[in-house]
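Structure first, commentary second.
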Amino acid sequence: MSHARAYDYVLGGKDNFAVDREAARQVIALAPDLPALGKAQRRFLLRATQMCANAGIAQFLDVGAGIPTSPNVHETARAINSDARVVYVDSDPIVFVHNRALLATDDKMASIQADVRRPEQLFDDPQVQRLINFDEPMLLLFIGLFHLVTDQEDPAALIARFRDRMAPGSHICISQFCVDGSDPAAKAKLEEISVNSPAPMTFRPRAEIESFFDGFELLPPGVVDVQQWWPDETAAPTMLKVAAGIGRKR
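Mind the numbering: the sequence shown is residues 1 to 250 in full-length UniProt numbering, read in order.
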């Protein structure tokens, strides 16, 4: 089972296999609103991109990008700034191939295969060095990523290594599954089916997710249910919770 392909299925995509669909259906059986949660997380991604592009940020690093879903980061940013530069990063080779094919003819965008657990390898990638200037403000996106990083792999320390490379005025965007308010049965099923995947699922308390923003100024409304980051939408509460926040480096 691939988390990226299962998420693609939840969003209504077609780039998934039977094993991914079956895993997603098992969770949806207990949390029928999972597709609504996935779409809310996607709206959060697009709002963060729009907000930063409107503020003048012209470079975007999307780590854990997943299989392309339109509209994506580059489409959203380019609608505001046609010169926006975007690098999509994922450790899944299938995601890398999809994104590379999508971006093949655009020299201001790139797809690389790299792992958030090895930040220096990511920083040293030629495509990142070509497109991302860490001395200028950027938007760093970690959407639905850190629930795939275990406590032993220390997500807070990984985020700090990215933070230390980022210029003041840069923004960070994080969302991940949150234990606070999540339906216990649906949470247990999601954890169960991910046990044998390359990245077992880790739900975290909201307070711990807030700590990931150490060194950043949290923008209102703070770390909240992801639906609250799209106030124009009237979305009902979901059985599983994703906490989301945006921080600005001082």
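Glycine included, every Cβ here is placed at the ideal spot set by N, Cα and C.
* Under a three-way DSSP split, which group does A18 fall into? -> Per DSSP, reduced to three states, the secondary structure at A18 is helical.
* Of the residues R161, T76, P119 and G169, the one placed nearest D135, counting alpha carbons only -> Closest option to D135, Cα to Cα, is G169.
* Rank A186, L218, V242 and Q228 by C-alpha distance to the C-alpha of P205 and give the top, closest one. => Comparing Cα-Cα distances from P205 to each of A186, L218, V242 and Q228, the minimum goes to V242.
* Buried or exposed for R130, please, with buried defined as at least 16 other CB atoms from any protein chain shown within 10 angstroms of its CB. => Flag for R130 reads exposed.
* To do: Would you list the residues sitting across from R204 in a DSSP beta bridge?
  => Paired residues: C178.
* To do: Can you tell me which of F177, R161 and E153 puts its alpha carbon nearest to the alpha carbon of H147?
  => The residue with the shortest Cα to Cα distance from H147 is F177.
* Does the distance from the CB of residue 251 to the CB of V226 come in under 9 Å? -> Nothing about residue 251 can be reported from this structure: the residues present for the chain run from 1 to 250 only.
* **Cβ separation of T238 and A29, assumed to be a contact under 8 Å, to the nearest whole Å** => Not a contact, Cβ separation roughly 15 Å.
* Under three-state DSSP, which class holds K249? -> K249 falls in the strand class under three-state DSSP.
* Asked: Can you pull the DSSP bridge partners for S111?
  -> Looking at the DSSP assignment, S111 forms a beta bridge with Y88.
* Give the single residue among I159, G247 and K108 whose Cα lies nearest to the Cα of L221. => Residue identity check: residue 221 is Pro in the sequence provided, not Leu. Checking every option, the nearest Cα to that of P221 belongs to G247.
* Asked: Under three-state DSSP, which class holds L145?
  -> It is coil, neither helix nor strand.
* Given a threshold of 16 other Cβ atoms within 10 Å of its Cβ, counted over all protein chains shown, does N99 qualify as buried or as exposed? -> Counting other Cβ atoms within 10 Å of its Cβ, N99 reaches 16 or more and is therefore classed as buried.
* To do: Quick one: residues in its chain with C-beta nearer than 8 Å to the C-beta of R250, no 5 flanking neighbours on either side, listed in chain order?
  => Closer than 8 Å at Cβ, skipping near neighbours: P168, G215, F216 and E217.
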